[in-house]
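Q:
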Amino acid sequence: MDKPKVVLGVSGGIAAYKACELLRRLTESGHEVRVVPTASALHFVGAATWSALSGNPVATEVWDDVHEVPHVRIGQHADLVVVAPATADLLARAAHGLADDLLTNTLLTARCPVVFAPAMHTEMWEHPAVRENVATLRRRGAVVVEPAVGRLTGVDTGKGRLPDPAEIFEVCRRVLARGVTAPDLAGRHVVVSAGGTREPLDPVRFLGNRSSGKQGYALARTAAARGARVTLLAANTGLPDPAGVDVVQVGTAVQLREAVLKAVADADAVVMAAAVADFRPQTYAAGKIKKKDGQDPEPVVLVRNPDILAEISAERAHPGQVVVGFAAETDDVLANGRAKLARKGCDLLVVNEVGERRTFGSEENEALVLGADGTETPVPHGPKEALAEIVWDLVADRLR
Ligand SMILES: Cc1cc2nc3c(=O)[nH]c(=O)nc-3n(C[C@H](O)[C@H](O)[C@H](O)COP(=O)(O)O)c2cc1C
1382 MDKPKVVLGV
1392 SGGIAAYKAC
1402 ELLRRLTESG
1412 HEVRVVPTAS
1422 ALHFVGAATW
1432 SALSGNPVAT
1442 EVWDDVHEVP
1452 HVRIGQHADL
1462 VVVAPATADL
1472 LARAAHGLAD
1482 DLLTNTLLTA
1492 RCPVVFAPAM
1502 HTEMWEHPAV
1512 RENVATLRRR
1522 GAVVVEPAVG
1532 RLTGVDTGKG
1542 RLPDPAEIFE
1552 VCRRVLARGV
1562 TAPDLAGRHV
1572 VVSAGGTREP
1582 LDPVRFLGNR
1592 SSGKQGYALA
1602 RTAAARGARV
1612 TLLAANTGLP
1622 DPAGVDVVQV
1632 GTAVQLREAV
1642 LKAVADADAV
1652 VMAAAVADFR
1662 PQTYAAGKIK
1672 KKDGQDPEPV
1682 VLVRNPDILA
1692 EISAERAHPG
1702 QVVVGFAAET
1712 DDVLANGRAK
1722 LARKGCDLLV
1732 VNEVGERRTF
1742 GSEENEALVL
1752 GADGTETPVP
1762 HGPKEALAEI
1772 VWDLVADRLR
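Positions 1382 to 1781 (my numbering) are the ones given, in order, by the sequence shown.
1) Leaving out five residues before and five after Glu1818 in sequence, what residues of the same chain have Cβ atoms less than 6 Å from its Cβ?
2) Assuming Leu1768 and Leu1715 are in contact, meaning their beta carbons sit under 8 Å apart, how far apart are those beta carbons, in whole angstroms?
3) Given the structure, does Asp1460 come close to ligand 1, in the sense that its CB is under 8 Å from one of the ligand's heavy atoms?
4) Any heavy atom of ligand 1 within a distance shorter than 8 Å of the CB on Arg1341?
5) In terms of DSSP beta bridges, what is Ser1392 paired with?
6) On the premise that Val1495 lies in contact with Leu1488, defined as a C-beta separation below 8 Å, what is that separation, rounded to the nearest angstrom?
7) Quickly, what does DSSP pair Phe1497 with across the bridge? List them, please.
8) Using 10 angstroms around the beta-carbon of Tyr1598, count the other beta-carbons present and answer buried if the total reaches 16, otherwise exposed.
9) How close, in whole Å, do the beta carbons of Ala1634 and Glu1696 come, if the pair is a contact with beta carbons under 8 Å?
10) So the alpha helix (DSSP H) Gln1663 belongs to, where does it begin and stop?
11) Following the continuous alpha helix (DSSP H) through Glu1504, name the residue where it begins and the one where it ends.
12) Pair every Cβ in the stretch 1690 to 1709 with every Cβ in the stretch 1639 to 1650, then say whether three or more of these pairs are closer than 8 Å.
13) Starting from Val1682 and walking both ways along the beta strand (DSSP E), at which residues does that stretch end?
14) Here's the rule: buried if 16 or more other CB atoms are within 10 angstroms of the residue's CB, otherwise exposed. What is Ser1410?
15) Using a threshold of 9 Å, state whether the C-beta atoms of Val1684 and Ala1606 are closer than that.
16) Starting from the C-beta of Asp1446, find all residues in its chain whose C-beta is less than 8 Å away, skip the five residues before and the five after it, and write them out in chain order.
17) By DSSP's criteria, Ser1574 is part of a beta bridge. Which residues make up the other side?
18) Going by the C-beta, is Arg1512 closer than 8 Å to any heavy atom of ligand 1?
19) So Tyr1398 and Val1416 are in contact, right, with Cβ under 8 Å, and what is the actual spacing, rounded?
20) Does the beta carbon of Gly1393 fall short of 8 Å from some heavy atom of ligand 1?
21) Ligand 1 heavy atoms versus the CB of Ala1422: any closer than 8 Å?
22) Taking Ala1777 as the reference, give the member of Leu1389, Ala1469, Asp1565 with the closest Cα.
23) On the criterion of 16 or more Cβ atoms from any shown chain inside 10 Å, does Asp1482 qualify as buried, or is it exposed?
24) Which residues in the same chain as Glu1745 place their Cβ atom closer than 7 Å to its Cβ, once the five residues preceding and following it in sequence are excluded?
25) Flag Leu1471 as yes when its Cβ comes closer than 8 Å to any non-hydrogen atom of ligand 1, and as no otherwise.
26) Taking the alpha carbon of Val1525 as the reference point, which residue from Asp1627, Ala1516, Gln1457 has its own alpha carbon closest?
27) If you draw a straight line from the C-alpha of Ala1615 to the C-alpha of Val1628, how long is it?
28) Just confirm the distance between the C-beta atoms of Glu1770 and Val1626, as a whole number of angstroms; I'd bet it's less than 8 Å.
29) Please say whether Ala1658 and Gly1589 have beta carbons closer to each other than 9 Å?
30) Is Arg1748 helix, strand or coil when you go by DSSP?
See the structure below:
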């Protein structure tokens, strides 16, 4: 089988060096990569590096190897074009359809999916001109990955950092797998919760659960690759931030509730994949609880936590908002799932059977998705990502 052909566009940002790692990941995972840097990008990383790492010639202008008509051919034959980093300048040229170098010509001739991973200073990213260019590109079907928040060139920090190359690679992999299908969640804001809450007893101990967060992260990554703006509310996962996803870290169920209520205000869909503790210790000891000679420990009194899923289902932030819950059941999965769907009032409930070695922490999952409209969608055993895609298919149907 032919290797998938990827064009890696690199524009002139300080993060150009990170594209070397993206290139390596693409080639090592069996992709044929043609790097097309802009002239500015070569100030940061030279043509020799791109050529040696890709095993292909490198040109920036349309005037090299003219007999091969590269300004048309490279784009025509690509299965995916990814531009990382994408400068403010490159986004502007792409949005306006300029074709003044090899990369912008390639963007005009490509009929495959296109991913832009912008990186720039926060002020540039927030400028109305850049916002409009990004909106134009998204409207036309490109996946524009949100930059990460963190250290920028120099001493400042803020939004504008190129996401981790490993995470950009994940976006590319998913977009390639979906092919030319238009990003059906483009223009949508989705909120995903992931992980498991921890309810502290004292500064060193907590009541927790076995949720790893992998299913929620798979949901966040797949939604971003389908064009959504994603807010991921992460409870104690320790997983790397997915590219293009706004991550909010939370600890307890009460903190998660606050974060959910804030995030859902303008959300089109909310998927509550986090395992939220039903109860928390009534009291929190400010100092570590000590053993006392000859005395039994004090019993731990529990109080109920807020039921976030039921609350956001009952009081939708706006009509048409789709709410999805997860039910982890250890027995009588179907009956418990149906009862929970009715009790919570959400639109979809993903029911899976869990146990010590099932689902939690594993890369795979198996589920039955119950719809409030009576539908049942069985999801066979497979990667958590496959379940995530089916959840978004069902959400996208309902948003339409
Ligand atoms: C040290 C340095 C770092 C830069 N980093 C960025 C950046 O991260 N993002 C950006 O949009 N522009 C950045 N620029 C400005 C671009 O290089 C400049 O806009 C250039 O015209 C971009 O050309 P290109 O889009 O054709 O690659 C940087 C410039 C310099 C000198």
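Every residue gets a Cβ at the ideal spot worked out from N, C-alpha and C, and that includes glycine.
A: The short version:
1) Any question about residue 1818 goes unanswered here, given that the chain covers just 1382 to 1781.
2) One-based indexing of the sequence shown puts residue 1768 at position 387. One-based indexing of the sequence shown puts residue 1715 at position 334. Their Cβ separation, rounded to whole angstroms, is 17 Å, which puts Leu1768 and Leu1715 out of contact at 8 Å.
3) The sequence position of residue 1460 within the sequence shown is 79, counting from 1. For Asp1460, the shortest C-beta to heavy atom distance toward ligand 1 is 8 Å or greater.
4) The requested residue 1341 is not part of the displayed model; the chain covers only 1382 to 1781.
5) As a position in the sequence shown, residue 1392 is number 11, starting the count at 1. Looking at the DSSP assignment, Ser1392 forms no beta bridge with any residue, so it has no partner.
6) By 1-based counting over the sequence shown, the position of residue 1488 is 107. By 1-based counting over the sequence shown, the position of residue 1495 is 114. Confirmed, Cβ separation roughly 7 Å.
7) Along the sequence shown, one-based indexing puts residue 1497 at 116. Paired residues: Val1464, Val1525.
8) As a working mapping, residue 1598 is identified with position 217 in the sequence shown. By the neighbour-count rule (16 or more Cβ atoms within 10 Å), Tyr1598 is buried.
9) Position 253 of the sequence shown, counted from the first residue, corresponds to residue 1634. Position 315 of the sequence shown, counted from the first residue, corresponds to residue 1696. A Cβ-Cβ separation of about 18 Å leaves Ala1634 out of contact with Glu1696 under the 8 Å criterion.
10) Within the sequence shown, residue 1663 is the residue found at index 282, counting from 1. From DSSP, Gln1663 is part of no alpha helix (DSSP H); its letter is neither H nor E.
11) Numbered from its first residue, the sequence shown carries residue 1504 at position 123. First-last of the alpha helix (DSSP H) with Glu1504: 1503 to 1507.
12) Enough Cβ pairs lie closer than 8 Å, so yes.
13) Taking the first residue of the sequence shown as position 1, residue 1682 is located at position 301. In the DSSP assignment, Val1682 falls outside any beta strand (DSSP E) and carries neither an H nor an E.
14) Taking the sequence shown and counting its residues from 1, the one referred to as residue 1410 is at position 29. By the neighbour-count rule (16 or more Cβ atoms within 10 Å), Ser1410 is not buried but exposed.
15) For this step, residue 1684 is matched to residue 303 along the sequence shown. For this step, residue 1606 is matched to residue 225 along the sequence shown. No, they are not a contact pair.
16) The sequence position of residue 1446 within the sequence shown is 65, counting from 1. Excluding five sequence positions before and after Asp1446, the CB atoms of its chain that fall closer than 8 Å to its own CB belong to Pro1438, Ala1440, given in chain order.
17) Here residue 1574 refers to the residue found at position 193 when the sequence shown is read from its first residue. Leu1614, Met1653, per the DSSP bridge assignment.
18) Stepping through the sequence shown from its first residue, residue 1512 is reached at position 131. No, Cβ of Arg1512 sits at least 8 Å from all heavy atoms of ligand 1.
19) Here residue 1398 refers to the residue found at position 17 of the sequence shown. Here residue 1416 refers to the residue found at position 35 of the sequence shown. Rounded, the Cβ-Cβ distance is 13 Å, inconsistent with contact.
20) In the sequence shown, residue 1393 corresponds to position 12, counting from 1. Checking the Cβ of Gly1393 against ligand 1 gives yes.
21) Numbered from 1 along the sequence shown, position 41 holds the residue referred to as residue 1422. Yes; taking the cut-off as 8 Å, the Cβ of Ala1422 has a heavy atom of ligand 1 nearer than that.
22) What you label residue 1777 is simply residue 396 of the sequence shown in a count that begins at 1. Selected option, being the one with the closest Cα: Asp1565.
23) Position 101 of the sequence shown holds residue 1482. That one is buried.
24) Position 364 of the sequence shown, counted from the start, is the residue given in the question as residue 1745. Correct list, in chain order: His1762, Gly1763, Pro1764, Lys1765.
25) Translated into the one-based positions of the sequence shown, residue 1471 becomes position 90. Residue side-chain check: Leu1471 places its Cβ nearer than 8 Å to a non-hydrogen atom of ligand 1.
26) The sequence position of residue 1525 within the sequence shown is 144, counting from 1. Selected option, being the one with the closest Cα: Ala1516.
27) Start at 1 with the first residue of the sequence shown, and residue 1615 comes out as number 234. Start at 1 with the first residue of the sequence shown, and residue 1628 comes out as number 247. Cα to Cα, Ala1615 sits roughly 7 Å from Val1628.
28) Position 389 of the sequence shown holds residue 1770. Position 245 of the sequence shown holds residue 1626. Not really, about 16 Å apart at Cβ, beyond 8 Å.
29) Against the sequence shown, residue 1589 aligns to sequence position 208. Against the sequence shown, residue 1658 aligns to sequence position 277. Cβ atoms of Gly1589 and Ala1658: closer than 9 Å.
30) Start at 1 with the first residue of the sequence shown, and residue 1748 comes out as number 367. Looking at the sequence itself, residue 1748 is Ala, so the reference to Arg does not match. Note: Ala1748 maps to strand in three-state DSSP.
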